[in-house]
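Student:
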Amino acid sequence: MTSRAPGPSVRLGVLAPSSNSNAESSIQRMLAGQDDVAAHFSRFRLPASLGDRIDAEVLGEAPALLADVEPDAVAFHGTSGSWTGFDGDRLLCEQLTAVVGAPATTATLAARAALDALGLRSVGLVFPGPRGIAEEIVAQYEADGIRMPVLSAPEIELANAEIARVGDDWIDALMRPAFSADVDGVLCIGTNLRSAYRVAEFEAAFGIPVIDSATATLWHLLQLAGAARPIPGWGRLLARG
106 MTSRAPGPSV RLGVLAPSSN SNAESSIQRM LAGQDDVAAH FSRFRLPASL GDRIDAEVLG
166 EAPALLADVE PDAVAFHGTS GSWTGFDGDR LLCEQLTAVV GAPATTATLA ARAALDALGL
226 RSVGLVFPGP RGIAEEIVAQ YEADGIRMPV LSAPEIELAN AEIARVGDDW IDALMRPAFS
286 ADVDGVLCIG TNLRSAYRVA EFEAAFGIPV IDSATATLWH LLQLAGAARP IPGWGRLLAR
346 G
């Protein structure tokens, strides 16, 4: 009788908005070849207003369902805390840890930790949502010691599902203005924007780090799970492990 090989020893839990079509595919691609790591997903519906804070009530049963796979770390794969406030995300992480029984992060807190890891204090902001929300993000980060002297947001407002459908040319046009002489890095906020696939090329072209919030989420999950390792091909953050 042939015995089965044991499953992956590291389990990552991800809470993805129901309208996000990038979270699962991008994480699976980043983890290609990491046979000891598996990512497991649970979904929830975002509130109608971007200004609403994500909390345990919004997530509903999704965290408890994710707890059934006994993940080593869990993340809310969303960036709303970037404009509603870091403290709200820290409280959400406490709630997630209580339900799931594992250390927790969010895309916002992961991106903030990534800036510290790479020693970045002045960054250009790339955000695929409304400029008014982008300005709130700038205020939150600058209150937390991160300068954002330049921001790039689209002139038209896109729904979350539409953001995932834009092509490389659109993403490149959105990212390029964030690179200026006054920044030492660029931060792309929006986990449904497929900017992770452009990071390595932009880093090579401009010579400064690019932090993508979806990439940062995986990086921080691996850190919290005690499974940090270099993953090449996705920019400096994942390459450093």
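Residue numbers (the working numbering): 106 to 346. Heads up, the beta-carbon is just placed ideally off N, CA and C, and yes, glycines get one too.
Reducing DSSP to helix, strand and coil, say where Ile242 ends up.
Tutor: By one-based count along the sequence shown, residue 242 stands at place 137. Helix, per DSSP.
Student: Run through DSSP, which three-state label would His145 get?
Tutor: Here residue 145 corresponds to residue number 40 of the sequence shown, with the count starting at 1. The answer is strand: DSSP assigns His145 an E or B state.
Student: Per DSSP, Pro122 forms a beta bridge with which residues?
Tutor: On the sequence shown, residue 122 is found 17 positions in, with the first residue counted as 1. Phe149, per the DSSP bridge assignment.
Student: Taking only the alpha-carbon atoms, compute the straight-line gap between Gln245 and Gly193 and give it to the nearest angstrom.
Tutor: Translated into positions along the sequence shown, residue 245 becomes position 140. Translated into positions along the sequence shown, residue 193 becomes position 88. Computed Cα separation, rounded: 12 Å.
Student: Going along the chain, which unbroken runs of the alpha helix (DSSP H) with 4 or more residues stay wholly within the stretch 158 to 229?
Tutor: Qualifying alpha helix (DSSP H) stretches, in chain order: 161 to 164, 167 to 172, 186 to 189, 191 to 205, 212 to 222.
Student: Excluding sequence positions up to five away, which residues of its chain have a Cβ less than 7 Å from the Cβ of Glu308?
Tutor: Locating residue 308 in the sequence shown gives position 203, where the first residue counts as 1. So the qualifying residues of the chain are Pro314, Val315, Gly340, Arg341.
Student: Just to confirm, is the Cβ distance from Asp274 to Arg303 under 8 Å?
Tutor: Position 169 of the sequence shown holds residue 274. Position 198 of the sequence shown holds residue 303. Not in contact: Asp274 and Arg303 (Cβ atoms no closer than 8 Å).
Student: What residues in its chain sit with their C-beta under 6 Å from that of Leu151, if we drop five residues either side in the sequence?
Tutor: Residue numbering aside, residue 151 sits at position 46 when the sequence shown is read from its first letter. Taken in chain order, the residues that qualify are Pro122.
Student: With 8 Å set as the bound, which would you pick, yes or no: does the beta-carbon of Arg341 sit closer than that to a beta-carbon of chain C?
Tutor: Of the protein chains in the structure, only one exists, and it is not chain C.
Student: I'd like to know whether the C-beta atoms of Ile268 and Trp188 end up nearer to each other than 8 Å.
Tutor: Here residue 268 corresponds to residue number 163 of the sequence shown, with the count starting at 1. Here residue 188 corresponds to residue number 83 of the sequence shown, with the count starting at 1. Cβ atoms of Ile268 and Trp188: not closer than 8 Å.
Student: What first and last residue would you give for the alpha helix (DSSP H) that runs through Asp277?
Tutor: As a working note, residue 277 is residue 172 in the sequence shown. Its alpha helix (DSSP H) spans residues 273 to 280.
Student: Is it true that the CB of Val179 sits closer than 8 Å to the CB of Ala209?
Tutor: Locating residue 209 in the sequence shown gives position 104, counting from the first residue. Locating residue 179 in the sequence shown gives position 74, counting from the first residue. Their beta carbons are under 8 Å apart, which means Ala209 touches Val179 by this criterion.
Student: Quick one: what's got a C-beta closer than 6 Å to Gly331's C-beta in the same chain, skipping five residues either side?
Tutor: Stepping through the sequence shown from its first residue, residue 331 is reached at position 226. The answer is none, since no qualifying residue turns up.
Student: Please state whether DSSP places Arg341 in a helix, a strand or coil.
Tutor: Position 236 of the sequence shown, counted from the start, is the residue given in the question as residue 341. In the structure shown, Arg341 sits in a helix (DSSP, three-state: H, G or I).
Student: Below 8 Å on the Cβ atoms is my guess for Gly295 versus Val205; work out the distance and round it to an integer in Å.
Tutor: For this step, residue 295 is matched to residue 190 along the sequence shown. For this step, residue 205 is matched to residue 100 along the sequence shown. Not really, about 25 Å apart at Cβ, beyond 8 Å.
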